[in-house]
Amino acid sequence: MLLKIFRKVRNEVNLYLRRRKYNGRKLETDTYTIISSNCIAGSIYKDFGLPFNSPTIGLFICGNDFVKFASNLRYYLSLPVSEGECSKWLGKTSYPLGIIDDVELHFLHYDTFEEARCKWERRALKVNFDRVYLIMTDRDFTTYENIVNFSKIKAHKKLSFVSNNYQEIPGTIFCRRYEGDSQVGVLPLFMEYSDYFDVVEWLDS
Numbered sequence: 006m007l008l009k010i011f012r013k014v015r016n017e018v019n020l021y022l023r024r025r026k027y028n029g030r031k032l033e034t035d036t037y038t039i040i041s042s043n044c045i046a047g048s049i050y051k052d053f054g055l056p057f058n059s060p061t062i063g064l065f066i067c068g069n070d071f072v073k074f075a076s077n078l079r080y081y082l083s084l085p086v087s088e089g090e091c092s093k094w095l096g097k098t099s100y101p102l103g104i105i106d107d108v109e110l111h112f113l114h115y116d117t118f119e120e121a122r123c124k125w126e127r128r129a130l131k132v133n134f135d136r137v138y139l140i141m142t143d144r145d146f147t148t149y150e151n152i153v154n155f156s157k158i159k160a161h162k163k164l165s166f167v168s169n170n171y172q173e174i175p176g177t178i179f180c181r182r183y184e185g186d187s188q189v190g191v192l193p194l195f196m197e198y199s200d201y202f203d204v205v206e207w208l209d210s
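Okay, so the sequence shown: first residue is 6 according to the numbering used here, each after it adds one.
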């Protein structure tokens with residue numbers, strides 16, 4: 006019980022300190038399109054009061070699928086989303102599963118497929134292809150090869166959060182807290198992603 010209380014207090018304090026770091030700092034615009042392999046995009050939009058100019062909100066995309074998706078964004082975003090029954094990565098899921106061609110969309114934070122599909126397709130229309138920022142992590146079946154291939158994608162900016170120090174791969178951010186683990190933690194929680202890079206500087210520089 007005491008440990009649970011301690012963790013809750015620690016998390017709230019960390020969130021307060023992370024928010025305080027950005028107090029008074031303004032972003033240049035609100036037209037950023039952040040395409041992420043998990044909930045980091047949605048968290049950045051919420052934490053910085055930005056409109057959702059991206060369909061990758063409230064979901065995750067497994068590593069190999071995300072690299073394919075991010076490599077050919079215009080193509081995949083032009084396709085309708087169909088409902089999947091069984092994931093090639095995870096089998097039967099307890100949440101809605103979307104399919105666009107050969108890419109799976111794991112709509113983790115949606116109650117129904119119809120809700121997820123409508124929001125995906127509406128937000129896909131808001132994508133600013135001139136200012137696309139790509140973010141992935143080494144979670145969700147992401148391999149070393151996926152991270153290498155991700156680093157080669159052409160985009161306005163891109164970065165990947167990893168639990169190993171891949172100095173040879175450009176754009177990787179080594180999360181030392183997870184050194185020795187198979188993957189990084191859930192970085193969207195309590196703005197943990199902001200411990201590893203300056204969000205405002207990254208978006209505006």
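Just so you know, even glycine gets a beta-carbon here, dropped at the ideal spot from N, CA and C.
From the listed residues Leu32, Glu120, Asn169 and Tyr198, the smallest Cα separation to Glu184 is found for Asn169. Take Arg30, set aside five residues on each side of it, and the residues of its chain with a beta-carbon closer than 8 angstroms to its own are Val205, in chain order.
In the displayed model, Glu88 falls within a strand according to three-state DSSP. Contact between Asp145 and Gly68 holds: their C-beta atoms lie close to 6 angstroms from each other, under 8 angstroms.
The Cβ-Cβ distance between Met196 and Asp35 does not fall below 7 angstroms. Put simply, the stretch 152–160 touches the stretch 70–77. At least three CB pairs are less than 8 angstroms apart. For Tyr149, the uninterrupted alpha helix (DSSP H) run begins and ends at Tyr149 to Ser156, by DSSP. Ranking Trp125, Tyr198, Leu102 and Thr61 by CA distance to the CA of Ile178 puts Tyr198 first. Contact annotation, Thr38 with Val137: C-beta distance approximately 5 angstroms; criterion of less than 8 angstroms satisfied. With fewer than 16 other Cβ atoms from the protein chains shown falling within 10 Å of its own Cβ, Ile10 counts as exposed.
Residue environment: Cys44 is assigned as buried (16 or more neighbouring CB atoms within 10 Å of its CB, all protein chains considered).
Here the alpha carbons of Arg23 and Asp203 stand approximately 11 angstroms from one another. Taking 7 angstroms as the cut-off, the beta carbon of Leu64 is found closer than this to the beta carbon of Phe112. For Val108, the three-state secondary structure derived from DSSP is strand. Collapsing the DSSP output to three states places Lys131 in coil. Rounded to the nearest whole angstrom, the CA to CA distance from Tyr149 to Asn19 is 30 angstroms. Rounded to the nearest whole angstrom, the C-alpha separation of Phe134 and Ser59 is 10 angstroms.
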